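Trainee: Going by this note's numbering, the first residue of the sequence shown is number 1, and it counts up by one from there.
Heads up, the beta-carbon is just placed ideally off N, CA and C, and yes, glycines get one too.
The structure presented is a predicted model; accordingly, all values stated were derived computationally and were not measured.
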Amino acid sequence: MGSAKTDARQCAVQALYQWQVSGESLSRIENYFMENEFLKGAQKSYFYDIFHGVPKNLDKIDEAILEFVDRPVNKIDPVERAILRMGVYELMHRMDTPYKVVINESVNVAKKLGAEGSHKYVNGVLDKVSQKIRAVEIKAKSGQ
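Here you go:
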């Protein structure tokens, strides 16, 4: 197990995946995760933020992803789609987390939960999205 935030991200991706494929309500999925103690060791507030934040901001998130992928967002592998949505959500709404951390954490989740090689796809897309969303932060880091 990783840090509490890493565990929260992993649980959020699993919950988002379930939401995407089942169409069940967020509260039902959240209850399932609580009842089965999947959130044990995870930072629950971070999990809730991502799990509720992604559906609430879905149009903006998918729009940001769509700009840098070669197919409709709903045609992206469901695990990769959940990871990308989480990563883009964090890039947009969690300014307290450096963009490199967001990308790195998303890549690690992809290595653990995604298909072989999916981490490269996630890395490529999130890198491009971060260049746009976090341009000011990236410029500041490079000293320009």
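1) Using 8 Å as the threshold, is the C-beta distance between E67 and S118 below it?
2) Determine the closest residue to R85 out of I103, D96, M95 and E30, with distance taken between C-alpha atoms.
3) Given 8 Å as the limit, is there contact between the segment 96 to 112 and the segment 54 to 70, that is, 3 or more CB pairs closer than that?
4) Note down the Cα distance separating M1 from A8, rounded to an integer number of angstroms.
5) In terms of residue numbering, what span does the alpha helix (DSSP H) encompassing M34 cover?
6) Got a sec, what are the start and stop residues for the alpha helix (DSSP H) K111 sits in?
7) Rank K112, S142, A140 and K100 by C-alpha distance to the C-alpha of V129 and give the top, closest one.
8) Let me know the secondary structure DSSP gives E63 once reduced to three states.
9) Can you find the residues in the same chain that come closer than 8 Å, C-beta to C-beta, to I138, ignoring five residues on each side of it along the sequence?
10) Measure the alpha-carbon distance for N123 versus V73 and round it to whole angstroms.
11) Rounded to the nearest angstrom, what separates I76 and K40 at their Cα positions?
12) Can you find the residues in the same chain that come closer than 6 Å, C-beta to C-beta, to Q43, ignoring five residues on each side of it along the sequence?
13) Taking Cβ to Cβ, would you say I50 is nearer than 8 Å to Y89?
14) Name the residue from A12, L91 and K60 whose alpha carbon lies nearest to the alpha carbon of A135.
Mentor: Result, derived from the coordinates:
1) 8 Å or more divides the Cβ of E67 from the Cβ of S118.
2) When only C-alpha atoms are compared, the closest one is I103.
3) Taking 8 Å as the limit for Cβ pairs, the verdict is that the segment 54 to 70 does not touch the segment 96 to 112.
4) Low confidence applies to M1: its pLDDT is 48, below 50, so where it sits in the model is not reliable, and the reading given next is rough at best. The alpha-carbon separation between M1 and A8 amounts to approximately 11 Å.
5) Annotation: the continuous alpha helix (DSSP H) that includes M34 extends over L26 to E35.
6) Boundaries of the alpha helix (DSSP H) around K111: Y99 to L113.
7) Nearest of K112, S142, A140 and K100 to V129, Cα basis: K100.
8) E63: helix per DSSP, three-state reduction.
9) Within the same chain, Y99, S130 and Q131 come within 8 Å of I138 by CB-CB distance, once the 5 residues on both sides are set aside.
10) So the two alpha carbons sit approximately 16 Å from each other.
11) Roughly 30 Å separates the two Cα atoms.
12) Correct list, in chain order: A4, K5 and A8.
13) A contact, by the Cβ cut-off of 8 Å.
14) Closest option to A135, judged by alpha-carbon separation, among A12, L91 and K60: L91.
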